[in-house]
Amino acid sequence: MARLTKARRHGYWFRAPRTDVLFTAGAKGRAAFCQVPDVPKDKRKAVDYSSFPLTLQGELVFALLESRISAYPHQVVAMQVFESFSRYTDFFKVRKNCIVPALEAMVDARCVLFLSIRCDTC
Amino acid sequence: MRSRVFYLFYKFLQTCRNEIPVELVPTLLNSLRDVLVIQIELPEPEAGEEPEPLVLLAEAAAVQDPQLYVFEAVGILVSMLWKAPEQPDILLSFVRPLLDTLQSDLQSVKGTNTQDVLLLLRIHHVIMALGNVARGFPDFPNPLPPDYVFLCLGIFRDIAQAILVSLEAMKVFRVVRDASRFAFSRIIATTGTQITDLIPALMVNLLTEFEPSELVDFMNFLNLLIHRLQVRHSVFKELDPKLTANFRKICLMF
Numbered sequence: 672m673a674r675l676t677k678a679r680r681h682g683y684w685f686r687a688p689r690t691d692v693l694f695t696a697g698a699k700g701r702a703a704f705c706q707v708p709d710v711p712k713d714k715r716k717a718v719d720y721s722s723f724p725l726t727l728q729g730e731l732v733f734a735l736l737e738s739r740i741s742a743y744p745h746q747v748v749a750m751q752v753f754e755s756f757s758r759y760t761d762f763f764k765v766r767k768n769c770i771v772p773a774l775e776a777m778v779d780a781r782c783v784l785f786l787s788i789r790c791d792t793c
Numbered sequence: 002m003r004s005r006v007f008y009l010f011y012k013f014l015q016t017c018r019n020e021i022p023v024e025l026v027p028t029l030l031n032s033l034r035d036v037l038v039i040q041i042e043l044p045e046p047e048a049g050e051e052p053e054p055l056v057l058l059a060e061a062a063a064v065q066d067p068q069l070y071v072f073e074a075v076g077i078l079v080s081m082l083w084k085a086p087e088q089p090d091i092l093l094s095f096v097r098p099l100l101d102t103l104q105s106d107l108q109s110v111k112g113t114n115t116q117d118v119l120l121l122l123r124i125h126h127v128i129m130a131l132g133n134v135a136r137g138f139p140d141f142p143n144p145l146p147p148d149y150v151f152l153c154l155g156i157f158r159d160i161a162q163a164i165l166v167s168l169e170a171m172k173v174f175r176v177v178r179d180a181s182r183f184a185f186s187r188i189i190a191t192t193g194t195q196i197t198d199l200i201p202a203l204m205v206n207l208l209t210e211f212e213p214s215e216l217v218d219f220m221n222f223l224n225l226l227i228h229r230l231q232v233r234h235s236v237f238k239e240l241d242p243k244l245t246a247n248f249r250k251i252c253l254m255f
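From first to last, the protein sequence lines stand for chains A and B.
Using our numbering, the first residue of the first sequence is number 672, and each one after it goes up by one.
Using our numbering, the first residue of the second sequence is number 2, and each one after it goes up by one.
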């Protein structure tokens, strides 16, 4: 009872959910990264996804790429960037022009080779 | 952390292979050459213990080598150049150093006639790497389209034959048998029925020096062969005289 009262006092019960996140929550594949209208399944491959605006998640991945934070001089930062790229590969299917910068970041001598040589410091 | 980077790079390539521009592939391949040098090291024994060298070898071979992901990434990238007539040359530029290393190590092991575990470990790693390069290529189609052309088939055949020669020379060592089984399962997925003539020799060499603990792996390998190749009766008929004696020997172990 005390816990319930505390929750009500702090507004936990009445905090409105973020509709923009809820609107895209649960979207899978390309639809998670760009605002796609309903397209019949047999025509999905012919659609040009690059013309649709990005969702919040798509913008976050784009910002991650554009910031070039993978060049930060610590391996943990680069690792987390690469984890995100590998997890959200559907983003690169809706923004194909972002693949080259992502690959450049991965094979940059300061990243893959640097990490392969300096693995002892992990 | 190094192992994770290799895995992430491979996973990214595997998922986005259809979106990567083909013009970028040679640049990516050249940037990977430095990372393909096989480094071998034995695990350090516990303080106060002096395990047998072969025990250390088995421990080292059992560890998942993250570098295999890079070899598979090379296979993926080379397979994307299927329209280019120079695809076999590019593949050969990556495979040739591995084959040369394998050949020189075999000669060293035969010449000295000692159990140099570092050489054996390198042979194991090279065979696994060759198998993983094949894994990066798409599966051989079944049924075969009439206009299907696989420019690198000859190279994979040479790889399979090199592995067979290594197995024939080193079949007494479990790590070489395991690596050969691993590599062949991947090469067969890529070449399909084109190397079935090498399978009888492979089976005989795998079964000649057989340990009971290998039975599960061998049965899985047999299942894979039957599934991949849709092996016909004729192949087993050819294998039968050579395998019967060996199967009888295996059954007597239990």
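A virtual CB, placed ideally from N, CA and C, is assigned to each residue, including glycine.
By the Cβ criterion, the segment 185 to 202 of chain B is in contact with the segment 131 to 140 of chain B, since at least three pairs of Cβ atoms, one from each stretch, lie closer than 8 Å. Under the 10 Å beta carbon count, B:His228 is surrounded by fewer than 16 other beta carbons and is classified as exposed. The CB of A:Val707 never comes closer than 8 Å to any CB in chain B; the least such distance is about 17 Å. Looking from the CA of B:Asp198, the closest CA among B:Glu215, B:Leu165 and B:Ser80 belongs to B:Leu165.
Check the Cα spacing between A:Leu731 and each of A:Lys714, A:Ser741, A:Ser755 and A:Val710: the tightest is with A:Ser755.
Taken atom to atom, the span from the alpha-carbon of B:Phe174 to that of A:Ala734 is near 52 Å.
About 17 Å separates the beta carbon of B:Ala62 from that of B:Leu107, a gap too long to meet the 8 Å contact definition. Taking 4 residues as the shortest admissible run, the segment 159 to 241 of chain B contains the following complete alpha helix (DSSP H) segments, listed from N- to C-terminal end: 175 to 192, 200 to 209 and 216 to 230. Secondary-structure assignment with DSSP links A:Leu725 through a beta bridge to A:Cys705. The CB of B:Phe157 never comes closer than 9 Å to any CB in chain A; the least such distance is about 26 Å.
Distances from the CA of B:His126 to each of B:Leu78, B:Val71, B:Ala161 and B:Asp66 were compared; the closest alpha carbon is that of B:Asp66.
Non-local C-beta neighbours of B:Ala59 in its own chain, meaning closer than 8 Å and more than five positions away in sequence, comprise Arg175 and Val176, ordered along the chain.
Residue state for B:Val64 is assigned as coil, using DSSP reduced to three classes. Closest by C-alpha distance to A:Ala749, out of A:Val765, A:Asp779 and A:Phe762, is A:Asp779. Taking a beta-carbon distance threshold of 8 Å, A:Glu754 counts as an interface residue toward chain B.
Neighbours of B:Cys17 across chain A, judged by C-beta separation under 7 Å: Thr760, Phe763 and Ile770.
Beyond the five residues adjoining it in sequence on each side, B:Ile156 comes within less than 7 Å, by CB distance, of Pro89, Leu92, Leu93 and Val96 in the same chain, given in chain order.
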